[in-house]
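Residue numbers (our numbering): 1 to 297.
And the structure:
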């Protein structure tokens with residue numbers, strides 16, 4: 001439990017270090033994970049510096065305007081609003097993305113989906129066409145374009161709000177025009193087209209489990225991007241059943257799913273008979289996370 005930290009004596013300024021310590025003690029009892037790290041990240045955001053640069057400024061007094069900017073952000077995080085929504089940004093692979101409640105917050109484990117795909121596919125250079133289904137912030141689609149993993153990228157989402165956010169991220173990343181954004185349900189916006197890669201981080205949380213997630217998830221992130229139905233696989237099954245018709249011969253499907261879902265998803269793809277190679281791969285934490293399938297040529 002965090003020990004209380006007193007405010008500075010009357011007439012004395014708040015220093016960077018004192019504010020970090022006080023904020024950490026304030027956030028801890030609110031149930032915020034890693035309160036010290038959170039305080040440092042929030043203050044670094046307000047000051048416009050990298051977190052580690054705070055350590056060189058611990059004795060620097062904070063100005064009234066800095067304190068005024070910091071206080072509401074701290075209060076929002078104490079109310080369990082996700083850090084990425086409070087700061088408005090999220091890092092993903094080589095990109096810094098705008099992040100707000102219009103879309104799911106990009107997770108570190110999703111970064112590994114593209115690495116797992118590139119490794120399994122043995123790709124040397126860019127593939128022709130790639131499709132990101134349920135693009136959200138545009139994280140996967142924009143990474144495919146930015147890292148030149150695909151020459152032509154399409155990003156699809158059912159939510160118009162999420163697509164607007166993805167387009168904003170494309171412009172801020174200098175990738176305007178590099179991704180073709182389309183609104184609609186799963187493959188509907190691309191019917192009749194074929195792709196070399198299809199990637200997706202679909203909703204895969206079982207509906208009964210949503211109530212047990214952290215407040216940051218259940219109270220702030222869009223349910224559309226989380227709720228996978230009774231067993232978490234409603235959308236995943238539709239992706240697995242429909243992707244084959246959209247893939248070129250030898251093309252790859254790459255899905256992120258829950259650690260306990262890779263087995264059933266792999267089996268469904270095998271049973272469908274369209275894929276000659278189906279495998280599950282682990283994330284950096286060693287948990288089964290990615291399902292990769294190569295369409296028969």
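Glycine is no exception: its CB is placed at the ideal position from the N, C-alpha and C atoms.
Item: Identify every run of the alpha helix (DSSP H) within the region 181 to 255, keeping only runs that are complete inside it and at least 4 residues long; order them along the chain.; Value: 215 to 218, 234 to 242
Item: Is it right to say residue 94 is buried, meaning 16 or more other beta carbons lie within 10 angstroms of its own, or is it exposed?; Value: exposed
Item: Please work out which residues of its chain come closer than 7 Å, Cβ to Cβ, to residue 243, disregarding the five sequence neighbours upstream and downstream, and give them in chain order.; Value: 198, 253
Item: Closer than 8 Å by C-beta to residue 249: which residues in its own chain qualify, once you throw out the five before and the five after it? Chain order, please.; Value: 295, 296, 297
Item: DSSP three-state label for residue 5, please.; Value: coil
Item: Candidates 216, 255, 269: which alpha carbon is nearest residue 112's?; Value: 255
Item: Taking the straight line between their C-alpha atoms, what separation do you get for residue 1 and residue 11?; Value: Note that residue 1 scores a pLDDT of 47, beneath 50, so its modelled location is shaky and nothing firm can be said.
Item: Using a threshold of 8 Å, state whether the C-beta atoms of residue 261 and residue 229 are closer than that.; Value: no
Item: Taking Cβ to Cβ, would you say residue 129 is nearer than 8 Å to residue 196?; Value: yes
Item: What do you reckon, are the CB atoms on residue 74 and residue 143 nearer than 8 Å?; Value: no
Item: Relative to the alpha-carbon of residue 126, which residue among 105, 290, 136, 153 has its alpha-carbon at the smallest distance?; Value: 153
Item: For residue 184, which option in 163, 178, 168, 121 has the closest C-alpha, if you only look at C-alpha atoms?; Value: 163
Item: What residue range is occupied by the uninterrupted alpha helix (DSSP H) comprising residue 91?; Value: Segment 89 to 92 is the beta strand (DSSP E) holding residue 91; no alpha helix (DSSP H) there.
Item: Alpha carbons only, please: which of 47, 237, 202, 212 is nearest the one belonging to residue 137?; Value: 202
Item: Ordered along the chain, which non-local residues of its own chain (more than five positions away) have a Cβ less than 8 Å from that of residue 272?; Value: 240, 241, 244
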